[in-house]
Amino acid sequence: MRNSTRVVLLSLLPILVFLSNTATAQLRTDFYKNTCPNVESLVRDAVMKKLQQTVVTAPATLRLFFHDCFVRGCDASILLASPSEQAEKDHRINLSLAGDGFDTIIKAKAAVDSNPKCRNKVSCADILAIAARDVVNLKGGPFYKVELGRRDGRVSTKDSVPNHLPSPRFTVDQLLSNFAANGLNITDLVALSGTTIYFFQNKWQQHRPF
C-alpha cells in the first residue's frame, strides 16, 4: 500500500511544483528569512497533526490547492467567505471540497500566527502552497522546495469559477483545453484525476463495514 501511494504521489510532483512556483510576483524560497524563518516547520507540524486525525486531509488539501490555483492563480481566494454566499467556495463545483482541507489551512495559519514574530506576516496563499507540498511528502511522496512571497487575493466571486474549473459535464477535449490554459497537459490530467480517486477509494476501504 505504501509503495502504491508513493507512485501515485510521484505522478503529482510535476503539477505541484509547477503550480507552487508559478506566479506573477517575484517568488523566492527565503522570502520569510527575516520575518518568519521557521514558517515551514510551523506549517509542517500543523499538517502532520491534522494527517494523524483523518486520512481525508491529504486529498482534501490537494483539491483545495488546485481549485484555488485554477481560478485566480494561487492566491487563497478559495478561502474567502461571503455573507451573501457569493464567493468562490460557494459555487456548486466547490461545494464538494472537503471541510478537512479548509481545516488544515486554518490550523496551519493558527500555528504560524501563534509565533509572535510571524503573526500576520505570512500569507494564506503561501501556507496553502506549503501545506500541499507537506501532505504529499508526509504521505510518502518526495519533498520539494516551495518558492514563497504570494499575496492573498482580496476578491473572490462565485461568477469567476465557471470555465476555470473542470466541470463533471466536460468532454475530454474541454478537460484538455482547461488544463492547457493552466500550463498542464494530458499526463497531468490523468495524474490529478487518478490521485483523487486513489485516495478516496482507500479511505472507503479503510472504513467499509465488511
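For what it's worth, numbering that gives the first Met the number 0 labels the leading residue of the sequence shown as 0, then goes sequentially. The C-beta atom is built at its ideal place from N, Cα and C for all residues, glycine as well.
Ranked by how close their Cα comes to the Cα of V134, the residues P36, T34, L26, K48 have K48 in first place. Around V145, the same chain offers S19, A128, I129, R132 as residues with beta carbons nearer than 6 Å, after the five sequence neighbours per side are excluded.
Assignment of L147 by DSSP, reduced to helix, strand and coil, places it in the strand class.
Separation of D29 and L147 (C-alpha to C-alpha, rounded to the nearest whole angstrom) is 7 Å. Under DSSP, R27 shares a beta bridge with L147.
Nearest Cα to T103 within the set R27, C68, V38, D44: D44. Taking 7 Å as the cut-off, the Cβ atoms of K138 and Q85 do not count as close. Sixteen is the threshold: when 16 or more other Cβ atoms of the shown chains lie within 10 Å of the Cβ of N93, as they do, the residue is buried. The Cβ-Cβ distance between A107 and A59 does not fall below 7 Å.
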